[in-house]
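A.B. asks: For the sequence shown, the numbering used here gives the first residue as -19, with consecutive numbering after it.
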Amino acid sequence: MLRTLGLVALGLAVAEAFAPTLSALPRRSAVSSMRMSASTDVTTAGKINYLIELDSPKVATMMEIAPGDKQVLCRCWKSGIFPNCDGKHVEHNKATGDNVGPLIVSVKKED
């Protein structure tokens, strides 16, 4: 109990010491904070995959990319050519106000 109280006191002392610095930092808006917590809190997230390999316990894709090539990969889980992007995220973004887009991976050509 005394150890816990000591740690709390230490925490308060540190917080007081940094209060001027912390108060000068820009504050997030309530909406920004809600978005951040909703996107990072896995316990409140809903299902996102309704199309791809639904019988599989986990969807994992491996691909080789040749030097000089690039791949445009789906991150919205709505593509009809998954794992490649077919642009369905554009419809999704318009309908929901989301901002999801593809992952673009390229490999430099060997000299």
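Every residue, glycine too, gets a C-beta built ideally from N, C-alpha and C. All of these numbers come straight from a predicted model, not from anything done at the bench.
#1: What are the start and end residues of the alpha helix (DSSP H) that includes V70?
#2: Please tell me whether L53 and V85 are closer than 8 Å, where the distance is taken between their beta carbons.
#3: Let's see if you can read the secondary structure: which residues bound the beta strand (DSSP E) around K88?
#4: Assign S59 to buried or exposed, taking buried as 16 or more other Cβ atoms, counted over all protein chains shown, within 10 Å of its Cβ.
#5: What first and last residue would you give for the beta strand (DSSP E) that runs through L53?
C.D. replies: Quick answer:
#1: Residue mapping note: residue 70 aligns to position 90 of the sequence shown, counting from 1. Element bounds for V70: 68 to 76.
#2: Counted from its first residue, the sequence shown places residue 53 at position 73. Counted from its first residue, the sequence shown places residue 85 at position 105. Closer than 8 Å, so yes.
#3: Within the sequence shown, residue 88 is the residue found at index 108, counting from 1. First-last for K88: undefined, no H or E at that position.
#4: Indexing the sequence shown from 1 puts residue 59 at position 79. So S59 counts as buried.
#5: Numbered from its first residue, the sequence shown carries residue 53 at position 73. 50 to 53 is the span of the beta strand (DSSP E), which, as asked, contains L53.
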